[in-house]
C-alpha cells in the first residue's frame, strides 16, 4: 500500500511539484484515486484546517496547501469521474451584497473543498437573488455567506430572508469578522462558524444529519 | 496641560494626569456632519469640518488626518470602488500574477488625493494643532503590497520571497515619502497602519514586515517625530515582533488582550494604545456599554504610556453620544469612579442577556460560565477551559456559554443567575461552582446529573 503520509507531508507544505509527482506515482502503482484523495489530500487538508484553527498556521500556509491540493485533485478528477465517486455535497459560497472582501470567503471555499464538497464560488458583492438562483441551479446542500464589514451584516439577513421566501432548502451558514452566534440566531441562519476550518466541520455536520 | 501635551507625555511612555484619548475618526467624520463617506474622503473641506467637529465634540487629544488605507494604492494604479458608509475598497491589483515594479506609475506626492491630505494636515495644524496632536496616517508597507499584488502576495512569500521583499521595500519607500510630507505639513505623529500583517506568522512578520517598517520608523525618528504602529485584527502572535520594531507606540484591536500588550510594551519601553470594542460597545452598544468598555481599558492599562483609542477606525454610524461617553471617562476621574459603581449596581432586569427564560424547556443542558473575560483573567480562562474539556466527554451534548461581565449582557446574566463570585459555573441556571475551578471528575459528574434529570 502507498505511503500516504509522504503525500500528506508534501501537500501540507504546499509543494506542488512533489504532490503532482507522488499522485502520479500512486496512480501508476495502481492505487485507487478515491483512496489517494481521501487518505492523502483530504486528510492533509483536514490537518491543515485543525492547525489553522489552533493558530499554528496562518492564511499563507493554508493557501499554499490548498493550491497543492488542487494540483493533486486535478490529476485525480478524471479517475474519480470514471470510478463514479461523488462529492459529499454541493456548497455555494459568497460574500454578501455591498461587501468586496474575499480572503475569508476563499479560505472557507478551500476548507470546504478539503472536506470533499463541490463548491461553487459565487464571488463578492452577491445579491440575495443570485444566492437563490445559484442554490437552485446547483441543488445546493449548503449556502455560505461571508461579511467583513459591520455595515454589510444586514445584507446577510436580506440573503437569508430571500432564500427562505424563495424556498431554498439548503442549510445557510454564516461567518466573518463582525458576525457572532447571537447575530446568526437573530437572522435565522442555520449555523455560524468563527473560522474557515470550523465552517467545513459545520457544513459536514449538516450533511451527516 | 493641553490634551496634546498629555498625548505627547503618553507617547514618551510617561505617567499622564489622565489617559490620553484619540478617537480614530475616519469615515465616521462624514456621519458626524451628515454626508456620505465618498464625498467626505474626496473633499478637503468636508474632512476639515468633520475632523474639527470630532476633535471638539469628543474632546480629543489627537486626531488622524485621513483614515483611508487606499490613498497610496489609488495613486499606484489600483482601482477603487466607493461606498456610502465605508472607506473605498481596492478592486484591482496591478501586480497580480507577477509583473515588475517598473510598470507601476511613478509615485508622486502631487497625484490623486494626496495633495488634499497634506493640505488638510496644514489646515488642521493651524486650526487645532496647538491643543490636539495631529496623526499623519499611512498605509503600512505589507498592506500596500497586498493592495498591489492581491492574494498572490501570500503565495509569493513561499515561491518568490525576494520579489515580495522588493515590493514591500518599495511600499516602505512610499511610506517614507508619505511620512515626510505629512511631517512637513505639520503632523506630530506618524501612524503606520498595517492590518494585513495580522494574517501571517511571526516568522513571516520578522522576515517580510519588520525590516521595512523600521525604514519608515527610523526616518520618522530622524525628523524628530513620534511613530505608531496600528494593527487592526488579531495580531496576538505578532505582538512580540511588533515590539521589536523601532516604533514609539503600538495600538491594537479589540480581539487582543490589552493586558498582554501593556506587559510587552513596558518591557520594550514603548507606549501603547487601544482597544475599545468597535461593534459591541461603540457601534451597537449604549452609552453605558461605551463607558464600561472605556473603564476596562483604562483600568487594565494603568497610568503610564497609555492612549485610549478604538481597536481600529470607527464605524461610520457610531452613535456620537457613545464617543462622548468615552471622552467623559477619559477626562473625568470622578465620573469614571461614579460610573463604575452606578452602572454595575443599576437595576439590570431590563437588560437583554443571553439566558433562556426557562431552562427546563431547553433541549440540552446549558452550562453558563460568568467571567470577567476569559481572554484577560487567568482563573476565568482555566474555568472556561475546564468546562470545554468536560463537554467533550459527556453522554449528551451540552450548550456552553460564557458571559463576560465586561459587557452589559454579561452583567445582566450575572444578575439574573444570582452569581456573586467571578468566575462561576452555573448548570441549567443553578450555581454549581463559584470561584473554585472544579476537577474534571466532579464537573462531569455534576453536569451528568443535570443531563439525567432532563432525561
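Protein chains in written order, with the numbering used here: chain U, 610 to 818; chain V, 6 to 460. We treat Cβ as the ideally placed atom computed from N, Cα and C, and that holds for glycine.
Interface positions of the region 77 to 103 of chain V facing chain U (Cβ-Cβ less than 8 Å), listed along the chain: Cβ contacts with chain U come from 86, 88, 90, 91, 94, 96.
Test: residue 621 of chain U CB closer than 8 Å to a CB of chain V: With 8 Å as the cut-off, residue 621 of chain U does not count as an interface residue toward chain V.
Coil, strand or helix - residue 389 of chain V by DSSP: DSSP places residue 389 of chain V in helix when its eight states are reduced to three.
Where residue 654 of chain U sits in the DSSP three-state scheme: helix
Within 8 Å, strictly: CB atoms of residue 76 of chain V and residue 144 of chain V: Taking a C-beta distance under 8 Å as the contact criterion, residue 76 of chain V and residue 144 of chain V qualify as a contact pair.
Counted within 10 angstroms of its Cβ, other Cβ atoms place residue 719 of chain U as buried (16 or more) or exposed: So residue 719 of chain U ends up on the buried side.
C-alpha gap between residue 163 of chain V and residue 675 of chain U, whole angstroms: 14 Å
Collapsed DSSP secondary structure at residue 415 of chain V in the structure displayed: helix
Integer-rounded CB distance, given that residue 290 of chain V should sit under 8 Å from residue 260 of chain V: Between residue 290 of chain V and residue 260 of chain V the Cβ distance is about 16 Å, and since that is not below 8 Å, they are no contact.
Whole-angstrom distance between residue 445 of chain V and residue 410 of chain V, CA atom to CA atom: So the two alpha carbons sit approximately 25 Å from each other.
Residue burial classification, residue 612 of chain U (beta-carbon count within 10 angstroms, cutoff 16): Residue 612 of chain U comes out exposed.
Residues of its chain near residue 56 of chain V, where Cβ-Cβ distance is below 7 Å and the 5 sequence neighbours each way are ignored: 30, 34, 68, 129
Closer than 8 Å to chain U by CB, residue 206 of chain V: yes
Cβ neighbour criterion (16 or more within 10 Å) applied to residue 712 of chain U: buried
Unbroken stretches of the alpha helix (DSSP H), 4 residues or longer, contained in the region 283 to 341 of chain V: 292 to 306, 325 to 336
Where residue 288 of chain V meets chain U, residues with beta-carbon distance less than 7 Å: 759
Cutoff 6 Å; reference residue 288 of chain V; Cβ partners in own chain excluding five residues on either side: Excluding residues within five positions, the ones whose Cβ falls inside 6 Å are 320, 323.
Beta-carbon contacts of residue 715 of chain U that lie in its chain and below 6 Å, excluding the five residues immediately before and after: none
Span separating the alpha-carbon of residue 15 of chain V from that of residue 653 of chain U: Distance between the alpha carbons of residue 15 of chain V and residue 653 of chain U is about 48 Å.
8 Å Cβ cutoff, residue 704 of chain U in contact with chain V: no
9 Å Cβ cut-off: residues of chain U touching residue 373 of chain V: Within 9 Å Cβ-Cβ: nothing; residue 373 of chain V doesn't reach chain U, min ~14 Å.
C-beta neighbour in chain V for residue 618 of chain U, strict 8 Å: Using a CB distance cut-off of 8 Å, residue 618 of chain U does not count as an interface residue toward chain V.
Burial state of residue 103 of chain V, where buried means 16 or more other Cβ atoms lie within 10 Å: With fewer than 16 other Cβ atoms within 10 Å, it is exposed.
Distance, residue 692 of chain U Cα to residue 316 of chain V Cα: 53 Å
DSSP state of residue 761 of chain U mapped onto helix, strand, coil: helix
beta-carbon residue 700 of chain U near the ligand ADP non-hydrogen atom, thresh 7 Å: The model on display carries no ligand, and the ligand ADP is accordingly not part of it.
Given 8 Å, three or more beta-carbon pairs between the region 48 to 55 of chain V and the region 290 to 310 of chain V: no
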